[in-house]
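Following: one structure in structure tokens, then a few remarks.
Residue numbers (this note's numbering): 4 to 925.
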């Protein structure tokens, strides 16, 4: 780049692939906004991933806008910022206006200079939209590309052709379907065209079958344009990179490829004809080499990609890479979901093989036996959990088959109770009430009730025993144990103590869900307003998940009474305070902070990610939370808000009694007491589970340290990229260092491959072709509002009652949660327990997953803030900064798509007084 910048925008007009100034500039922070999706991808592929990419330059998005302005097309510039509005002129006018544009000499001079470096080459001019090739919307094939141009005049004509394609009707239709909002821009890629002898596409994960470690390669002779257009039948290769082997090879005939000759004007036809005669396009070695490029790009991208490639003189070139936005799951038997797993945390983000295997150990051991205990199955599935795309899923299909034996089972109601969007018409599987099903139902109901009574009776004893054992674990000096003794202790701890803790918690969850479902069915038989149902589950006194934040507020009370301590905490960094804490300082209530860490340091930002340190390991996190609390107003005090929730709960319980027939009041009141007590103990056991995970991490890290010293592991955190059984095999000496290294390397690649990928909530063969998009994008019926509701209303699941209007803050990752401001309405994918400290500042919560018993719902009810759950595409439909209204009683949000005035305060409906009415209004 010759430092050519627009005097108006101060952005580069032309960017070359090898420009050293651009590579060191601040522009890299907004590559797609400058180079467009394709251009940004090529820049990253070539300069960061070090892939073999043909030389290119980009006409930037800023150059396009400047050209429109300099030619008086201000209406088109204005439309780019508001593409949801009608175009300012008709199609023919736009075309003639753009093709009549004069292009700045600095752009033309740079294009001439670039072309002259490769005088014998042909070029491709490709559109590169600023919203193109994204993880959620690809815009694939909607913008224009022009191939095989060589003369400068032809390149300029191609540039205008691509610019014009931004305004075509297909783009408008696609944007409306994808709910794409925001401004549009168009950059262009001018790239040396490889005279390919072979070319094709590579999907790093099979988009049809949905096998996440199997790559799909399509290959043909010559250029790839006819392949993409469907004019030829390519060879097809499937390669499982994890197993390092081809799984399928389908070779097309010479006749199916012959059209390729006419599409390659500058390739020697004789060479192509000889190649066609050899039948197969790629050798086994070439498939392996190409797959290696694909895996490298996927692991560095963090998501599956669709790659266009070409080969010349035996050398592969990468022409393009973009995210795969649609998947089918035809090769995945059954039906699998992350429901509850997301909100629990284990599937909230990419999961290490170690953590996934621990969960699988528990799930496979407990779910089948639990269903057997209810006599709903005789031969339970041995596999209740599998990992797909880097996250654990549980066996929803098998579970439904068991539950469908119950009378009155309604698949749609069941799915919606878990926050699952049905992908079928009607109610799905519905079980009629017959004598046989009625007997099954009565037997199951009696078993559940017996389980509940036993658990409530045994839980206090179990809790006391577990706390005593945790004290013993805290006193252990693991570093003093000899290697073999440590290894034996590790295996015993994981197989017995961890299993005892976690399996008890899992079985508690099963009964909690079932009892809540039974109770809800009974309440629906009364005249009680179901809009108030979540209040029946709120106001739990002394619940474990509220203890950490309530204790922080107790510390806040003490510090605010001491002016010196308050000044210290508000004017020192968390790093400075942590350093003094670690040095044993007792001033400014640091002694109390140390005591707090001993009691609650088992928590972390991501409690089911064992890669993440616990708070006791990084006290800065707790210090920052305390500093945040010190800056909050008294009305955010969770203790006061929880007392208010208890008052509301009592009022709604009275409503339930009044709505219930006299003869059923006692039994329903008793059942409500059990539901609330079981929910309280579920949270208590969850806390015990988190406490045990602190020692799972601590003990496993000490095992890792010994294996590092022995040369079995090579680097820090390697242990978490082994499954539990492999770690045990390693400490038993059943795996060599080489075998361990190979497993770690593959598992790290698998983890990295999906570290930034947004998975589908449900997958499996039932979802058919493009199941991910059916559940996340195209299945609008499941979350659209009913005909008697406003058009801008979106339905979800009522999680926590109340109505609030406020500023929406879209935060898809807990690591970005620091953007939250007091009174914001959080819009996110899911909230695992690590979000809890943030809830006290919020006025409401909207999630894309979850049900009434999910973590988000339970916490919001205790804080007394409205929550709407299972709102599909909430993070895309709601814009950051919008003013929205959420109704946690009816389970809906009202989109205003209107930014809040910077100086205005957030308005909200006062929910401090509970007004009893048949409409359920607060």
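Even glycine gets a Cβ: it sits at the ideal position worked out from N, Cα and C.
Distance between residue 221 and residue 385 (C-alpha atoms, nearest Å): 36 Å
In whole angstroms, give me the CA-to-CA distance for residue 118 and residue 150. 14 Å
Could you spell out where the alpha helix (DSSP H) holding residue 570 opens and where it closes? 566-574
Could you tell me which uninterrupted beta strand (DSSP E) segments, each at least 3 residues in length, are contained entirely in the region 188-262, listed from first to last along the chain? 189-196, 201-206, 217-224, 238-243 and 248-253
List the DSSP bridge partners of residue 125. 196
Considering only residues of the region 868-900, which uninterrupted alpha helix (DSSP H) runs meet the minimum length of 4 residues and lie entirely inside it, listed in chain order? 877-880
Through-space distance from residue 882 to residue 155, alpha-carbon basis: 42 Å
Return the chain-ordered ranges of every alpha helix (DSSP H) run that is complete within the region 507-576 and spans a minimum of 4 residues. 536-539, 550-563 and 566-574
Below 8 Å on the Cβ atoms is my contact criterion, and I expect residue 502 with residue 702 to pass it. Report the Cβ-Cβ distance as a whole number of Å. That belief does not hold up - the Cβ atoms of residue 502 and residue 702 are roughly 14 Å apart, past 8 Å.
Contacting residues, own chain, Cβ-Cβ under 6 Å from residue 432 (five flanking each side not counted): 407 and 414
Whether residue 877 touches residue 848 by CB criterion (7 Å): no
Alpha-carbon spacing of residue 215 relative to residue 342, whole angstroms: 20 Å
If I measure Cβ to Cβ from residue 627 and keep anything under 8 Å in the same chain, skipping five residues before and after, which residues do I get? 577
Could you give the residue range of the beta strand (DSSP E) that holds residue 831? 828-831
Quick one: give me the first and last residue of the alpha helix (DSSP H) that residue 458 is part of. Start and end: 438-478.
Reference residue 706; option with closest CA among 721, 696 and 851: 721
Can you tell me whether residue 313 is helix, strand or coil according to DSSP? strand
Would a C-beta distance cut-off of 7 Å place residue 64 and residue 188 closer than the cut-off? yes
Among the candidates 888, 81 and 718, whose CA atom is the shortest distance from the CA of residue 846? 888
Is residue 596 closer than 7 Å to residue 607 when the C-beta atoms are compared? no
By DSSP, does residue 38 sit in helix, in strand, or in coil? helix
Pull up the DSSP beta-bridge partners for residue 319, would you. 314
Tell me the rounded alpha-carbon separation between residue 611 and residue 152. 54 Å
First through last residue of the alpha helix (DSSP H) which encompasses residue 2: This structure cannot speak to residue 2, because the chain is shown only from 4 to 925.
Return the CA-CA distance between residue 363 and residue 285, expressed in angstroms with no decimal places. 39 Å
With distances taken between CB atoms, is the gap from residue 746 to residue 725 smaller than 7 Å? yes
Would you decide whether residue 925 is buried or exposed? Buried here means 16 or more other CB atoms lie within 10 Å of its CB. Any reading at residue 925 is ruled out, since the residue's pLDDT is 24, under 50, leaving its predicted position unreliable.
In angstroms with no decimal places, state the Cα-to-Cα distance between residue 803 and residue 468. 34 Å
Report the rounded CA-to-CA distance for residue 527 versus residue 304, giving the unit in angstroms. 49 Å
Helix or strand or just coil, what does DSSP make of residue 389? In the three-state DSSP reduction, residue 389 falls in the strand class (E or B).
Excluding the 5 residues preceding and the 5 following residue 903 in the sequence, name in chain order all residues of the same chain whose CB lies nearer than 6 Å to its CB. Here residue 903 scores only 47 on pLDDT, less than 50, and its place in the model should not be relied on; the value that follows carries that caveat. Hits under 6 Å: 810 and 886.
Between the region 822-841 and the region 538-558, can you find at least three pairs of beta-carbon atoms closer than 8 Å? yes
Can you list, in chain order, the residues of its chain with a C-beta nearer than 6 Å to that of residue 784? Leave out the 5 residues immediately preceding and following it. No answer about residue 784 holds up, because its pLDDT of 32 lies below 50 and its placement is not dependable.
DSSP-derived helix/strand/coil call for residue 801: Secondary structure of residue 801 (DSSP, three-state): strand.
Cutoff 6 Å; reference residue 360; Cβ partners in own chain excluding five residues on either side: 726 and 727
Residue 20 versus residue 52: straight-line alpha-carbon distance, rounded: Going by the C-alpha atoms only, they are around 13 Å apart.
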